[in-house]
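Visitor: Pasting a structure here, questions to come.
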Ligand code: PLP
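In this note's numbering, the protein residues as written are 6 to 459.
Here it is, written out as structure tokens:
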């Protein structure tokens with residue numbers, strides 16, 4: 006099909022996610038046809054550096070020979086069967102690899118197919134775990150603790166523990182109850198607080214809310230270290246450990262949602278490692294297949310799992326599963342992705358790129374319209390503001406972050422903002438020279454757009 010025809014069909018029939026379609030129709034977004042390494046190519050042959058790992062999921066690049074080969078080999082055997090009443094070789098092999106690589110005590114692997122469902126499963130498991138352990142005199146554990154501004158996906162369960170009002174508010178009446186713990190990031194602290202007094206307030210609130218509600222709390226869910234979709238908000242060092250200490254004190258399971266931060270992006274394979282934290286549940290998705298195929302896992306401890314054991318007539322079974330749970334092609338892609346972390350020394354590459362990024366980001370340090378630069382590993386948020394002193398935002402209607410995306414795209418780089426936070430999320434395996442290219446183009450795009458705003 007020619008471009009015009011493809012565009013027409015896209016505009017008439019494809020309903021894009023998280024997208025105002027009225028605006029989309031005017032934007033002539035690139036229609037991607039192929040990819041190679043860390044570049045995407047549109048149907049007219051234009052190449053773009055993939056500056057946000059597609060949707061934060063690509064790890065070793067596109068068309069990676071080892072991953073392609075693993076999928077082909079699996080395809081020659083079988084694409085999919087089921088884990089309901091059967092087992093499958095790739096899902097067994099992948100579970101074994103995951104148990105070896107994740108924090109100790111996480112010994113059980115439950116498969117699903119997106120980050121949202123991995124979270125949904127952890128929430129349901131935590132709820133059922135308590136229900137099956139409790140005595141009739143215990144208070145029901147039907148409340149979840151989550152972080153203010155959290156994003157854990159868009160199923161009803163994961164929205165119930167979400168805190169981004171523009172995504173979540175409309176569904177308010179459909180959601181179950183959760184309490185939100187203030188997000189300990191100083192840049193957006195309310196008036197009247199200094200940065201340090203706000204962090205102190207957040208810490209006191211964390212303790213107060215957990216203590217006051219501990220008898221009802223089924224679990225505490227957190228994105229370790231970085232709240233990605235909130236705009237790359239970073240927690241202060243020690244925060245995750247503090248959450249673990251408090252939840253352990255009251256026997257509240259901790260769900261670590263590493264859908265975005267896992268698989269090397271923060272500098273370690275899993276973000277929890279940086280604070281020596283062992284969660285009760287670990288959710289992984291996005292990068293687990295290298296960004297190739299939909300697969301997610303919810304990992305749990307023996308202690309959680311044991312509460313589900315019993316005779317069929319005890320009805321302790323976890324009644325949850327999807328048609329494509331543990332898909333064989335996706336498991337094969339995931340196995341190859343994990344192996345590449347060893348053979349390509351991907352974490353070493355992340356370490357080098359982390360250094361490069363922080364040197365390059367220092368160039369923006371005194372920029373009059375850069376309010377804050379946030380970086381953890383190869384996850385970066387550059388918050389643009391109209392006034393650096395007051396931290397005042399640009400008027401929303403100007404869509405400054407989006408304008409930066411368009412300017413970068415003109416020069417061959419794909420990035421996607423979160424409001425006026427310009428996000429850089431290079432794949433963990435991206436070579437150093439492309440990190441420089443990404444910074445060159447995005448920094449110029451920021452200057453180009455800002456010069457039109459002031
Ligand atoms: N959890 C976190 C921390 C995420 O960042 C996301 C997606 O961005 C999700 C869950 C949902 O993942 P998915 O889009 O695969 O459902």
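All residues carry an ideal CB built from backbone N, CA and C; glycine is no exception.
Just so it is clear, the structure is predicted and the values come from calculations on it, not from any experiment.
(1) Buried or exposed, going by whether 16 or more other CB atoms sit within 10 Å of the CB of residue 320?
(2) Grouping DSSP H, G and I as helix and E and B as strand, with all else coil, what is residue 345?
(3) State the CB to CB distance for the pair residue 152 and residue 260, rounded to an integer number of angstroms; the pair is presumed to be in contact (CB under 8 Å).
(4) Between the C-alpha atoms of residue 96 and residue 370, what's the straight-line distance to the nearest angstrom?
(5) In or out: residue 422 buried (at least 16 other Cβ within 10 Å) or exposed?
(6) How about residue 183 and residue 170: do their beta carbons lie closer than 8 Å?
(7) Identify, in the order they occur along the chain, each residue of the same chain with its Cβ nearer than 7 Å to the Cβ of residue 59, setting aside the five sequence neighbours on each side.
(8) Near residue 200, what residues of its chain come up, given a Cβ to Cβ distance below 7 Å and the 5 sequence neighbours on each side ignored?
(9) Taking the alpha-carbon positions, what's the residue 106 to residue 455 distance?
(10) Determine, using beta-carbon pairs with one atom in the segment 304-323 and one in the segment 71-82, whether at least three such pairs fall under 8 Å.
(11) In the DSSP assignment, what residue or residues form a beta bridge with residue 238?
(12) Determine the direct distance from the alpha carbon of residue 120 to that of residue 341, and round the result to whole angstroms.
(13) Hey, would you say the C-beta of residue 156 is under 7 Å away from at least one heavy atom of the ligand PLP?
(14) Do you know how far the Cα of residue 229 is from the Cα of residue 262?
(15) For residue 21, which residues in the same chain have their Cβ closer than 8 Å to its Cβ, ignoring the five residues on either side in sequence?
(16) How many whole angstroms separate the CB atoms of residue 56 and residue 418, which I take to be in contact at a CB cut-off of 8 Å?
(17) Would you check if the segment 244-259 and the segment 348-360 touch, i.e. whether three or more CB-CB distances between them fall below 8 Å?
(18) Mind the definition here: the segment 301-309 touches the segment 110-124 only if three or more C-beta pairs lie below 8 Å; say whether that holds.
(19) Consult DSSP for residue 266 and reduce its assignment to one of helix, strand or coil.
(20) Quick one: is residue 36 buried, meaning 16 or more other Cβ sit within 10 Å of its Cβ, or exposed?
(21) Please work out which residues of its chain come closer than 8 Å, Cβ to Cβ, to residue 352, disregarding the five sequence neighbours upstream and downstream, and give them in chain order.
(22) By Cβ distance below 6 Å, which residues in the same chain neighbour residue 336 in space, the five residues on each side in sequence not counted?
(23) In terms of residue numbering, what span does the beta strand (DSSP E) encompassing residue 46 cover?
(24) Once the 5 residues before and after residue 66 are set aside, which same chain residues still bring their CB inside 7 Å of it?
(25) Report the residue from 132, 45, 109 whose alpha carbon sits nearest the alpha carbon of residue 324.
(26) Taking 7 Å as the line, does the beta carbon of residue 295 fall inside it for any heavy atom of the ligand PLP?
(27) With distance defined between alpha-carbon atoms, name the residue in 204, 441, 198, 209 nearest to residue 460.
(28) Hey, quick one: how far does the alpha helix (DSSP H) through residue 430 stretch, first residue to last?
(29) Can you tell me where the alpha helix (DSSP H) with residue 387 in it begins and where it stops?
(30) By DSSP, does residue 116 sit in helix, in strand, or in coil?
(31) Would you say residue 121 touches the ligand PLP, meaning its beta carbon is less than 7 Å from a heavy atom?
(32) What first and last residue would you give for the alpha helix (DSSP H) that runs through residue 58?
(33) Who does residue 124 pair with in a DSSP beta bridge?
(34) Measure the C-alpha to C-alpha separation of residue 314 and residue 308 and round it to an integer number of angstroms.
(35) Any heavy atom of the ligand PLP within a distance shorter than 7 Å of the CB on residue 110?
(36) If you reduce the DSSP assignment to three classes, tell me which class residue 51 lands in.
Guide: In short, the structure shows the following:
(1) Stepping through the chain shown from its first residue, residue 320 is reached at position 315. By the neighbour-count rule (16 or more Cβ atoms within 10 Å), residue 320 is not buried but exposed.
(2) The residue given as residue 345 occupies position 340 in the chain shown. Residue 345 falls in the helix class under three-state DSSP.
(3) Residue numbering aside, residue 152 sits at position 147 when the chain shown is read from its first letter. Residue numbering aside, residue 260 sits at position 255 when the chain shown is read from its first letter. That pair is no contact at about 11 Å.
(4) Taking the first residue of the chain shown as 1, we reach residue 96 at position 91. Taking the first residue of the chain shown as 1, we reach residue 370 at position 365. About 46 Å.
(5) Within the chain shown, the letter at position 417 stands for residue 422. Residue 422 comes out buried.
(6) Position 178 of the chain shown, counting from 1, holds the residue named residue 183. Position 165 of the chain shown, counting from 1, holds the residue named residue 170. Judged by their CB atoms, residue 183 and residue 170 are not nearer to each other than the 8 Å cut-off.
(7) Sequence index remark: in the chain shown, residue 59 carries index 54 (1-based). Excluding residues within five positions, the ones whose Cβ falls inside 7 Å are 296.
(8) For the purposes of this step, residue 200 is taken as the residue at position 195 of the chain shown. The residues 191, 194, in chain order, have a CB closer than 7 Å to that of residue 200 in the same chain once the five nearest residues on each side in sequence are set aside.
(9) Looking up residue 106 in the chain shown gives position 101. Looking up residue 455 in the chain shown gives position 450. Cα atoms of residue 106 and residue 455: separation of roughly 44 Å, rounded to the nearest angstrom.
(10) The segment 304-323 makes no contact with the segment 71-82: fewer than 3 CB pairs, one atom from each, lie closer than 8 Å.
(11) Stepping through the chain shown from its first residue, residue 238 is reached at position 233. Paired residues: 232.
(12) Here residue 341 refers to the residue found at position 336 of the chain shown. Here residue 120 refers to the residue found at position 115 of the chain shown. C-alpha separation (whole angstroms): 20 Å.
(13) Locating residue 156 in the chain shown gives position 151, counting from the first residue. At least one heavy atom of the ligand PLP is nearer than 7 Å to the Cβ of residue 156, so yes.
(14) In the chain shown, residue 262 corresponds to position 257, counting from 1. In the chain shown, residue 229 corresponds to position 224, counting from 1. Rounded to whole angstroms, residue 262 to residue 229 spans 7 Å at the Cα level.
(15) Counting from one through the chain shown, the residue named residue 21 turns up at place 16. Hits under 8 Å: 29.
(16) Taking the first residue of the chain shown as position 1, residue 56 is located at position 51. Taking the first residue of the chain shown as position 1, residue 418 is located at position 413. Contact between residue 56 and residue 418 holds, since their C-beta atoms are separated by about 5 Å, short of 8 Å.
(17) Short answer: they don't touch.
(18) Cβ pair count under 8 Å is three or more, so yes.
(19) Stepping through the chain shown from its first residue, residue 266 is reached at position 261. Here residue 266 sits in coil by DSSP.
(20) Along the chain shown, read from residue 1 onward, the residue named residue 36 stands at position 31. The residue in question, residue 36, is exposed, as its Cβ has fewer than 16 Cβ neighbours within 10 Å.
(21) In the chain shown, the residue the question calls residue 352 occupies position 347. If we look at residue 352 and ignore the five residues flanking it on each side, its Cβ neighbours are 269, 272, 273, 274, 346, 433.
(22) Looking up residue 336 in the chain shown gives position 331. So the qualifying residues of the chain are 95, 96, 99.
(23) By one-based count along the chain shown, residue 46 stands at place 41. Where residue 46 is concerned, the enclosing beta strand (DSSP E) starts and stops at 44-47.
(24) Position 61 of the chain shown holds residue 66. Result list for residue 66: 42, 43, 432, 434, in chain order.
(25) Within the chain shown, residue 324 is the residue found at index 319, counting from 1. When only C-alpha atoms are compared, the closest one is 132.
(26) Counted from its first residue, the chain shown places residue 295 at position 290. In this structure, residue 295 has its beta carbon at no less than 7 Å from each heavy atom of the ligand PLP.
(27) Lying outside 6 to 459, the shown extent of the chain, residue 460 is not represented and no answer is given.
(28) The residue given as residue 430 occupies position 425 in the chain shown. Where residue 430 is concerned, there is no enclosing alpha helix (DSSP H), because DSSP gives it neither an H nor an E.
(29) Locating residue 387 in the chain shown gives position 382, where the first residue counts as 1. Careful: residue 387 lies outside any alpha helix (DSSP H), inside the beta strand (DSSP E) at 384-389.
(30) To locate residue 116, count along the chain shown from 1; it is residue 111. Three-state result, residue 116: strand.
(31) To locate residue 121, count along the chain shown from 1; it is residue 116. Distances taken from the Cβ of residue 121 to the heavy atoms of the ligand PLP include one shorter than 7 Å.
(32) As a position in the chain shown, residue 58 is number 53, starting the count at 1. First-last of the alpha helix (DSSP H) with residue 58: 58-61.
(33) The count along the chain shown starts at 1 and reaches residue 124 at position 119. Answer is none; residue 124 lacks a bridge partner.
(34) The residue you call residue 314 lines up with position 309 of the chain shown. The residue you call residue 308 lines up with position 303 of the chain shown. Their Cα atoms are separated by approximately 11 Å.
(35) Counted from its first residue, the chain shown places residue 110 at position 105. Incorrect: residue 110 has no Cβ contact closer than 7 Å to the ligand PLP.
(36) Here residue 51 is taken as the residue at index 46 of the chain shown, counted from 1. Judged by DSSP in its simplified three-state form, residue 51 adopts coil rather than helix or strand.
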